[in-house]
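Heads up, the thing below is written out as structure tokens.
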Amino acid sequence: MELWVFVGALAAVYLLPGPDMVLILQTGATRGGAQAFATVAGLATARGLHVVMAAFGLATMFKTAPWTFDAVRFIGAGYLTWLGIQILRSGSSLATNDTRPHPGPKTSRRSAWQRGLLTNLLNPKSLLFCSVLLPHFVVPQQGAILLQFVILGTLVVGTGVLFDTLYALSASRLGKWLTESPVVQRLQRWLFGLLLIGFGGRLAILHGP
8 MELWVFVGAL AAVYLLPGPD MVLILQTGAT RGGAQAFATV AGLATARGLH
58 VVMAAFGLAT MFKTAPWTFD AVRFIGAGYL TWLGIQILRS GSSLATNDTR
108 PHPGPKTSRR SAWQRGLLTN LLNPKSLLFC SVLLPHFVVP QQGAILLQFV
158 ILGTLVVGTG VLFDTLYALS ASRLGKWLTE SPVVQRLQRW LFGLLLIGFG
208 GRLAILHGP
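Each residue of the sequence shown is one higher than the last, beginning at 8 in our numbering.
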């Protein structure tokens with residue numbers, strides 16, 4: 008296994024803007040670091056599940072039963088669109104004297120974890136990515152296939168956590184800057200909300216494998 012090439016491919020993917028990145032930035036900027044890191048944990052959980060599903064070849068189900076791919080992508084598109092609308096409608100909650108991001112109770116962190124989990128888990132492209140990339144780096148002659156999948160899967164999740172953590176830290180700093188300007192708050196709300204709605208629309212018209 009050429010692990011450095013694999014990690015490089017992962018880094019290139021995680022650097023591309025997508026719904027995961029937007030969700031972390033929006034959560035950290037408006038809800039605080041605790042919820043941003045809960046979102047990171049949810050995304051990591053979803054990626055781990057995608058690795059397991061890829062190892063069991065569940066992505067082939069999308070080819071043998073195309074309706075399953077359509078079902079997942081429409082549910083995912085609907086969820087991203089709903090998240091975007093919720094952000095756009097959150098203006099009234101931000102129009103207060105105390106606009107600092109707050110960590111929130113455990114229930115809020117649980118909700119942030121669920122948002123991260125569902126945002127990634129309901130994106131069929133994530134499962135297809137794992138199903139296409141991982142087998143290319145599994146070499147039967149170099150040892151047990153299961154062990155290689157475990158190593159590669161750990162790198163998928165670990166690299167994702169690394170980049171997501173950087174985004175979460177950046178978002179926390181962004182949140183402090185946002186508190187200084189209600190106009191900037193309004194702009195970021197529209198930006199993040201419309202981006203998620205746009206990602207939902209793009210997912211809805213995505214063609215199957």
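Don't be surprised by glycine CBs; every beta carbon is placed ideally from N, CA and C.
How big is the Cα-Cα spacing for residue i and residue j?
i, j, result
"Val79", "Leu23", "22 Å"
"Ala175", "Phe76", "30 Å"
"Gln33", "Gly150", "43 Å"
"Glu9", "Gly15", "10 Å"
"Phe206", "Phe63", "28 Å"
"Thr67", "Ala119", "31 Å"
"Met60", "Pro189", "44 Å"
"Pro110", "Arg116", "Note on Pro110: pLDDT 45, under 50, position unreliable in the model; no value is reported."
"Gln155", "Met28", "28 Å"
"Val168", "Pro73", "31 Å"
"Leu198", "Gln121", "22 Å"
"Val139", "Leu56", "15 Å"
"Leu65", "Thr166", "23 Å"
"Trp11", "His143", "14 Å"
"Leu153", "Gly182", "42 Å"
"Pro147", "Ala43", "39 Å"
"Arg157", "Arg193", "According to the sequence displayed, residue 157 carries Val and not Arg. Straight-line Cα distance between these residues: approximately 44 Å."
"Thr71", "Arg180", "46 Å"
What is the C-beta distance between residue i and residue j, in whole angstroms, given that I count them as a contact (C-beta under 8 Å)?
i, j, result
"Gly208", "Leu95", "Between Leu95 and Gly208 the Cβ distance is about 14 Å, and since that is not below 8 Å, they are no contact."
"Val164", "Ala51", "5 Å"
"Phe81", "Ala211", "6 Å"
"Val20", "Ile31", "Between Ile31 and Val20 the Cβ distance is about 15 Å, and since that is not below 8 Å, they are no contact."
"Thr126", "Leu87", "7 Å"
"Gly91", "Leu203", "4 Å"
Verify the CB distance criterion: does residue i have a CB-CB separation below 9 Å to chain D?
i, result
"Leu95", "Going by chain labels, chain D is absent from the structure shown, which holds only one protein chain."
By DSSP, does residue i sit in helix, in strand, or in coil?
i, result
"Gly15", "helix"
"Phe63", "coil"
"Gly160", "helix"
"Gly39", "coil"
"Ala72", "coil"
"Leu213", "coil"
"Ala53", "helix"
"Ser179", "helix"
"Asn130", "coil"
"Ala78", "helix"
"Phe144", "coil"
"Ser118", "helix"
"Pro26", "helix"
"Ala48", "helix"
"Ala151", "coil"
"Ser138", "helix"
Does the distance from the CB of residue i to the CB of residue j come in under 9 Å?
i, j, result
"Ala45", "Ser133", "no"
"Gly160", "Leu129", "no"
"Cys137", "Val191", "no"
"Phe170", "Ala18", "yes"
"Ala84", "Gln195", "no"
"Gly49", "Leu124", "yes"
"Pro131", "Phe69", "yes"
"Leu223", "Phe13", "Absent from the model: residue 223. The displayed extent of the chain is 8 to 216, so no value can be given."
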